[in-house]
Structure formats: structure tokens, C-alpha cells
Amino acid sequence: MTQSVYNLTAVDNVTDGANGIPSITSDITIVGNGAIIERGSGAPAFRLFHVAANGSLTLEDLTVSGGNASGAAPGDDGGAIYNRGTLILTKGSIGR
Numbered sequence: 053m054t055q056s057v058y059n060l061t062a063v064d065n066v067t068d069g070a071n072g073i074p075s076i077t078s079d080i081t082i083v084g085n086g087a088i089i090e091r092g093s094g095a096p097a098f099r100l101f102h103v104a105a106n107g108s109l110t111l112e113d114l115t116v117s118g119g120n121a122s123g124a125a126p127g128d129d130g131g132a133i134y135n136r137g138t139l140i141l142t143k144g145s146i147g148r
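To convert, count from 1 in the sequence shown and add 52; that's this note's numbering.
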């Protein structure tokens, strides 16, 4: 089976710093089936996910990596995921 890799190459929004995917503000579940979501080579610095205080993100069988929040305002850190709400990770991994 071929592993799917999704490369994010642009900033989607700047909530608490640059993010590659729209801010999570409700209950979202992503079932990756072994896929990888990563910041693409040569892309500007941004984290992949931002989970707002009212958001809930569940990642199942998914790897996220390559997030880079350099240049974010002090206190607005996060490499791959910046979580202010609820985050559940099942059978996957998070790398910077």
C-alpha cells in the first residue's frame, strides 16, 4: 500500500501565528489511514494546525511534521500543532 503524503506550501491564516490549515473551531476528526501531512520543502515558516479554545481535533492514524512557528509572537509557539482546545492523537505521531 502506498503512503499518502500531503505537503502544505502556503499559510492559510495567522491566528496566533502562521498556520497551514484553517483554524479548528469545532469538533473535527481526521482519519489519515497512515498518511503524512507536512510543511513542504521551501515553504515559509508556519505550524500545520491551530486548535482554538472552542475547537476539538482528533487525529487518527496520521503523522504530522515539519511545522515551524519561528517568528510567532512570544507565547504563540507550536511546531506542528498549536493547541488551545482539545487534541486527541490515536496511532500516529507529531514531529516538529
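The C-beta atom is built at its ideal place from N, Cα and C for all residues, glycine as well. Just so you know, these numbers come straight off a predicted model, no measurement behind them.
The DSSP-derived three-state label of Thr61 is coil. Nearest to Gly137 by alpha-carbon distance, out of Thr54, Ala104, Phe98, Val63, is Ala104.
The DSSP-derived three-state label of Gly84 is strand. Residue pairing by DSSP places Val116 opposite Ile89, Ile146 in a beta bridge. Sorting Asn106, Ala95, Leu139, Ile146 by C-alpha distance to the C-alpha of Ser117 places Ile146 at the top. Rounded to whole angstroms, the gap between the alpha carbons of Ile89 and Gly107 is 19 angstroms. The continuous beta strand (DSSP E) containing Asn135 extends over residues 133 to 135.
Close CB contacts of Asn85 within its chain, under the 7 angstroms cut and outside five residues either way in sequence, are with Asp113 (chain order).
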